[in-house]
Structure formats: structure tokens, C-alpha cells
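In terms of UniProt numbering, the sequence shown opens at residue 1 and continues consecutively. Below you'll find the structure, written out as C-alpha cells, and then a few comments.
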Amino acid sequence: MKPTIATADAIERAAELLRRGRLVAFPTETVYGLGADASDPDAVAGIFKAKGRPATHPLIVHIGDVASLYDWAGTVPEAALKLAERFWPGPLAMILPKKPEVPLAVTGGQPTVGLRMPNHPVALALLKSFGGGIAAPSANRFCRISPTQALHVSDELGDAVDMILDGGACQVGVESTIVDLSGSRPRLLRPGHISREEIEAVLQTELLLPENAAPAPEMSDEVRAPGMMAVHYAPTTPAMRCPAEQLAARIRQLIADGKKIGLLSYQLDVAETAQIRVLRLPEHAADYAQSLYAALRDLDNLQLDTILIEQPPQTEAWRAVNDRLGKASASSATAPCVALPPASMQSC
Ligand code: TXA
Ligand code: MG
């Protein structure tokens with residue numbers, strides 16, 4: 001399936017496809033989404049099939065305005081309204097108790113629903129023309145890198161999708177921040193462009209964090225927010241994060257072993273040779289995030305033996321990036337190179 005430039009006419013056709021229960025990939029400011037009518041369980045089942053995603057993993061419902069919160073959430077706490085007022089449209093998803101009529105197919109069988117108003121003109125026009133909620137996970141196959149360009153979607157999903165709206169490269173580049181407001185205390189489920197501090201400033205309270213919050217007893221963390229699994233964003237080429245001071249030695253060793261290397265650096269200057277391809281990402285966390293997935297995809301397509309990733313700083317500003325680079329090993333800046341789980345060992 002080739003992408004279609006998102007003209008007004010194309011957006012109308014996409015909305016019509018959604019009304020007929022079909023799948024439409026569309027751009028948001030974070031990543032491309034694979035959309036279906038959120039009120040139609042059969043259409044939603046199509047998303048899980050196209051992605052190869054287990055049916056227990058819940059989807060985010062995209063809405064076109066704040067008032068639509070009341071169409072999907074059984075209760076809308078003051079905190080949700082405050083966050084929506086400050087950050088919507090924008091890269092923040094909120095988990096709220098669902099209304100009884102929200103299909104369990106959307107929520108992975110859970111009593112809560114994820115909601116987000118995206119900040120992208122094409123997504124907003126599609127929502128307006130469609131008139132309802134659009135369930136949309138990232139438009140990649142399960143456990144693969146999220147797409148940040150329309151061509152990534154066609155590479156990943158081919159003809160499993162009925163239309164791909166092309167709205168250019170996504171500006172944020174990593175998935176939305178997710179805050180769970182369904183419990184007694186707000187909890188950060190997935191870090192993103194909107195930081196923990198920004199949310200805490202609006203709510204005037206500290207967020208429970210993924211690493212120190214007790215999971216809800218009735219469900220595993222993996223099912224509550226599978227996007228947080230360490231293996232979720234891995235390329236197929238074995239990838240390894242390395243502190244800057246250890247990179248030179250690691251490169252020498254791999255070259256001596258005859259390996260072809262892709263290096264994703266952000267500060268280090270390394271010359272390219274026949275054996276090493278270098279992609280340098282920006283030094284600013286938000287800009288780095290914007291280009292990260294496309295860079296990983298590019299390196300992944302080069303048939304290399306290893307991708308080395310220069311470890312970015314482990315500060316709050318880099319939380320979302322470090323999370324995507326491998327949650328399991330993100331805590332140790334001083335550790336030697338840390339391998340990301342190879343695709344063959346993925347458990348998701
Ligand atoms: O930026 C984004 O959020 C993108 C764009 C397309 O909007 N969407 C996205 O969807 O990243 P997805 O499905 O790839 O990731 C959504 C995450 C999943 O980890 C899912 O488990 C979690 O949101 N989620 C959705 N509904 C939930 C719920 N009711 N309770 C807990 N987690 C939920
Ligand atoms: Mg995803």
C-alpha cells in the first residue's frame with residue numbers, strides 16, 4: 001500500500017473507510033497510528049490482526065476535542081480536565097475508568113480506557129470528518145520500531161492497511177507520555193515528550209513512577225502498558241548501548257572480528273570506514289527523540305552485524321529516550337556496554 005498525500009479529499013476518503021470498518025494509518029505528532037473505528041469491535045479486531053498484537057494489549061482512543069472525554073470515560077476527574085486543558089491537543093494519553101459501552105476489544109478487557117487528543121492537523125481533520133473516536137496503536141508490527149514517516153508504515157504493514165495518509169515526518173518522534181488517572185494516585189506509565197515535571201506542576205502532586213510504583217494486583221505491568229517492555233522497540237540487528245568512553249575499544253574489537261558496525265552517536269565524532277557506518281543524532285534530547293526511530297530503521301536496513309548506540313545522559317530530560325533504548329538496563333550509566341535483547345529472544 002503506497003501512502004496517499006493527506007489532502008482534504010484524501011482525508012474525507014479515509015474517514016469514509018473508517019466508517020466502513022476499515023483500517024487507516026495516519027500521522028500524529030508522536031508517531032504514525034493504525035486507526036479503526038473505536039466503537040466497532042470488528043474494526044478494532046482488524047488492528048490486532050494487522051499488527052500481530054495480542055488482544056489483551058489495550059489501545060489508545062484518539063478524540064478530536066476535550067468534550068469527547070465524556071463519550072469514553074465513565075468518570076472524568078478534575079486532574080484529567082487540568083491536564084487536557086494544559087496539554088491537549090498534544091502528546092499526552094490519559095488512562096481513565098471506561099464507560100460501560102466502550103468495547104472491551106479496545107481496552108484489552110480492562111475496565112479503563114486510554115484517551116488522547118493528538119496535535120497534528122491531519123489527525124485532527126480526520127477525527128473531525130469521522131466524527132467519532134479512532135482507536136490507534138503505533139502503526140508497526142508488534143514489538144517493532146514505531147513509524148515516524150508514512151513510508152515506514154508501508155514497509156511494515158504493506159497491504160494489511162486500507163489507506164496510509166502521508167502527513168510528513170512526525171515532529172515528536174517517540175510515543176506519547178501516558179498517565180494513569182484511574183487509581184488513587186496518578187501514575188506515569190510511559191515517559192514521553194511531556195515530562196514528569198510538567199505534569200506534576202499542573203497536578204501539584206508527585207507522580208508514581210514506573211520503576212517505583214507497585215503494579216495493579218489484577219494485571220501484570222506488561223499488559224497494563226506493554227509499550228514499556230524493554231524489548232518493545234528493538235531493531236532486528238543486535239543493538240548495544242555503550243558509554244562514550246568504552247566505544248572506541250568496543251569498535252576496535254568488533255572491527256578486528258571482521259564485523260560490520262552501525263554507530264548511533266550524539267556527541268562522539270567517529271570517521272566512517274568500509275566497516276563502520278555512522279549516524280550522528282542531535283545533542284538536544286527532544287531533537288534526538290525526533291530522529292531516533294528513523295535512524296534505527298535506517299541502520300537496521302543495512303545488513304550490519306551490530307548497532308552500537310552511544311549512551312545518552314541519564315537525566316530526566318532524556319528519560320523517554322533512555323526508556324526506548326532499553327528500560328531493562330537504563331539505570332547504569334557506568335556499566336559496560338549493554339546489549340538490547342535480540343529480536344529472536346523477544347518475549348512479546
Ligand atoms: O503516541 C502515541 O500514543 C501513539 C500515537 C499513534 O497516538 N500510539 C501508541 O499506541 O503509542 P500503542 O498502542 O503503540 O501504545 C499505547 C500504550 C500501550 O503500551 C498500552 O498498553 C497503553 O498505551 N494503554 C492503552 N490503554 C491502556 C489502558 N486502559 N490501561 C493501561 N495502559 C493502556
Ligand atoms: Mg506501539
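Backbone N, C-alpha and C define an ideal beta-carbon position, used for all residues, glycine too.
Q: Let me know the secondary structure DSSP gives THR107 once reduced to three states.
A: Helix, per DSSP.
Q | LYS49 and ASN140 closer than 9 Å at C-beta | A | No, they are not a contact pair.
Q) Can we count ALA39 as close to ligand 1, meaning its CB is less than 8 Å from some heavy atom? A) Here the sequence assigns Ser to residue 39, which means Ala is not the residue at that position. Using a cutoff of 8 Å, the CB of SER39 does not count as near ligand 1, since none of the ligand's heavy atoms is closer than that.
Q: Reducing DSSP to helix, strand and coil, say where HIS120 ends up.
A: Here DSSP, grouped into helix, strand and coil, assigns HIS120 to coil.
Q) Based on the DSSP secondary-structure assignment, which residues constitute the bridge partners of VAL278? A) Answer is LEU263, bridged to VAL278.
Q) Heavy atom of ligand 1 less than 8 Å from the Cβ of GLY33, yes or no? A) Answer for GLY33: yes, Cβ within range of ligand 1.
Q. So what does DSSP say about HIS284, is it helix, strand or coil?
A. DSSP places HIS284 in coil when its eight states are reduced to three.
Q | Proximity winner among LEU247, VAL31, ALA43, THR7, relative to LEU126 (alpha-carbon distances) | A | The shortest CA-to-CA distance from LEU126 to any of LEU247, VAL31, ALA43, THR7 is the one to THR7.
(Q) Quick check: the Cα distance between GLY74 and ASP40, rounded to an integer number of angstroms? (A) Distance between GLY74 and ASP40, taken at the CA atoms: about 18 Å.
Q) Should ASN119 and TRP72 be called a contact, given that it needs their Cβ atoms to be closer than 9 Å? A) Against a cut-off of 9 Å, the Cβ pair of TRP72 and ASN119 comes out as no contact.
Q. When the Cα atoms are used, what is the spatial distance from LYS99 to LEU296?
A. Spanning the two alpha carbons is a distance of roughly 39 Å.
Q. Is GLU310 helix, strand or coil when you go by DSSP?
A. Looking at GLU310 - three-state DSSP - the assignment turns out to be strand.
(Q) At the level of alpha carbons, what is the spacing between VAL106 and THR28? (A) Rounded to the nearest angstrom, the gap between the Cα atoms of VAL106 and THR28 is 19 Å.
Q.
Tell me the rounded alpha-carbon separation between ASP300 and VAL153.
A. About 15 Å.
Q.
Taking DSSP's pairing of strands, which residues face VAL61 in a bridge?
A. According to DSSP, which records beta bridges pairwise, VAL61 is partnered with LEU115, ALA135.
(Q) To the nearest angstrom, how far is the alpha carbon of LEU96 from that of ALA286? (A) Inter-residue distance for LEU96 and ALA286 is about 27 Å (C-alpha atoms, whole angstroms).
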